[in-house]
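The block underneath contains the structure these notes are about, expressed in structure tokens.
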Amino acid sequence: MTSVDASGSSTPVSEEQVRAALRGVVDPELGADIVELGMVTAIRLPGAGAVEVEVALTIAGCPLRNQIRSDVETHVGALPGVETVTTTMGVMDAEQRKAVMARARLVARNPAPATDIPDTARVIAIASGKGGVGKSSVTVNLAVALARRGLTIGVLDADIWGFSIPRLLGMQGDVESREKKMVPLERRIGDGLLRVLSMGFLADEDSAIMWRGLILNRAVQQFLEDVHWGDLDYLLIDMPPGTGDIQMGLARMLPRTEVIVVTTPPVAAQKVAARTADMARKGYLRVAGVIENMSDFTCEHGTSYALFGSGGGTRLAAEVGVPLIGQVPLDPSISAGGDAGTPVALDEGHALAKVFADMAERVVTTIAPVVPMDGCSARLLERVDAAVDAGVLAAGPASRG
Ligand SMILES: Nc1ncnc2c1ncn2[C@@H]1O[C@H](COP(=O)(O)OP(=O)(O)OP(=O)(O)O)[C@@H](O)[C@H]1O
Ligand SMILES: [Mg+2]
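This is how it looks when you write it as structure tokens:
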């Protein structure tokens, strides 16, 4: 899909590529992308790296307007060869709205299970196709960097069998329950707070035996449903390696989950990561960006070595049509911090703390800013409910109009 040739220069972007990138822009409530929802009404390529996209909103005063615009611009803007992206917002005609209503009706009929995760919290799964690329290390350090901004960050260790979050954060203890729900363990980070849940906190209890009997997906579902998360700005989910099941489960249970794909510089790793990104999109999870881990190693004399090659993260991001959020160098402090339970992102003077702080900044400002969720589709769903009550939509198969 990428149009970067061997010399690294880029060829003009195609309409196909733009459309593929737009598939990464997902309506958080309907769990479908704007291409499928019929919201993309025109793509124009006037030349010189310029792309014009026309998006039709369900209603004129859609509060998600700015988010959709910025998502379109980040996704299309990340394609190689694209210099400028202009988004024009229009409003759907009756026919287009009918198609979206059909989708909304489907969603309304199959409501996701109730969770205690606040509507305003952004949910980000940290995934990779391959094991050992640093998902868990990235998760804890990014969580710490976000918390240092004064935010409250949930960390869910979805690696039921190979959990590592308790060790990486130096946390242990028994999970208590309140009103029949598990209460995450907490750790203060400056003005911010981490709320953490992992199988590791249940491992000594009888419940662990029951938990192990649950199939993987069901266990994650319980982590989402039966947990008292309280206030959260972000929920970061540390995914086990390469499990399509859990991704699909998340797509069903928490359709607003977005995925950050972690990759390493070698080409083989990118191929696996690209499959993960593809799977995420097919499950209608928006891929929000790529983080390259184990990038250049800088020795004590200041010389950098690209031990595993270079440019992998950039290439993958371009291929998927999403931004490269950052590159984490290969550095023994990551493993040392992990062994000691003090993530390197806590160490203000350390160069890596700056790397994670910059990524946190990017996440908060452009990748996944916290936005109010009472968007256009929420209103659309209210109208669907009203229509169902009135018997208007009660009969007949979903029509795509
Ligand atoms: N940037 C880095 N520099 C040096 N070592 C690293 C870096 N990132 C991760 N590591 C080390 O690599 C190993 C694997 O990292 P980690 O456990 O975070 O990967 P993972 O993707 O979560 O693995 P799994 O798939 O098993 O869950 C750990 O020992 C960790 O300390
Ligand atoms: Mg891990």
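Letter 352 of the sequence shown, counting from 1, is numbered 445 in the numbering used here, and no numbers are missing. Cβ atoms here follow ideal geometry from the backbone N, Cα and C, with glycine treated the same way.
Shortest gap from the CB of Lys223 to any heavy atom of ligand 2: 7 Å or more. As summarised for the stretch 342–391, the continuous beta strand (DSSP E) elements at least 3 residues long and confined to that stretch are 351–356 and 379–388, given in chain order.
In the three-state DSSP reduction, Met292 falls in the helix class (H, G or I). When only Cα atoms are considered, Glu412 and Gly404 end up about 12 Å apart.
For Glu279 against Leu290, the beta-carbon gap comes to about 11 Å, at or over 8 Å, which does not count as contact. Linking Thr369 to Val437 through their CA atoms gives a straight-line distance of about 27 Å. Gln189 and Val365 have their C-alpha atoms roughly 36 Å apart. Residue nearest to Ala251 within the set Val144, Ala312, Thr245 and Arg408 is Ala312 (criterion: CA-CA distance).
DSSP places Ser257 in the coil class of the three-state scheme, outside both helix and strand. Here Val237 has Ile282, Pro436, Ala438 and Leu439 as same chain residues with Cβ atoms under 6 Å from its own Cβ, once five neighbours each way along the sequence are excluded.
Short note on Lys228: C-beta closer than 7 Å to some heavy atom of ligand 2. Shown here, Leu150 sits in a strand according to DSSP, grouped into three states. In the same chain as Asp319, and ignoring 5 residues on each side of it, the C-beta atoms closer than 7 Å to its own belong to Lys274 and Met275, in chain order. Per DSSP, Asp267 lies in no beta strand (DSSP E) and is assigned neither H nor E. The way I'd put it, the stretch 178–186 does touch the stretch 148–164; three or more beta-carbon pairs between them come closer than 8 Å.
Straight through space, the alpha carbons of Arg408 and Met332 are spaced by roughly 23 Å. Contact between Val421 and Val231 is confirmed by a C-beta separation of about 7 Å, below the 8 Å threshold. Sixteen is the threshold: since fewer than 16 other Cβ atoms of the shown chains lie within 10 Å of the Cβ of Arg271, the residue is exposed. Thr167: member of the alpha helix (DSSP H) spanning Arg158 to Gly170, first to last residue.
In this structure, Ile353 places its C-beta atom within 8 Å of the C-beta atom of Ile219.
When only Cα atoms are considered, Ala192 and Lys447 end up about 46 Å apart.
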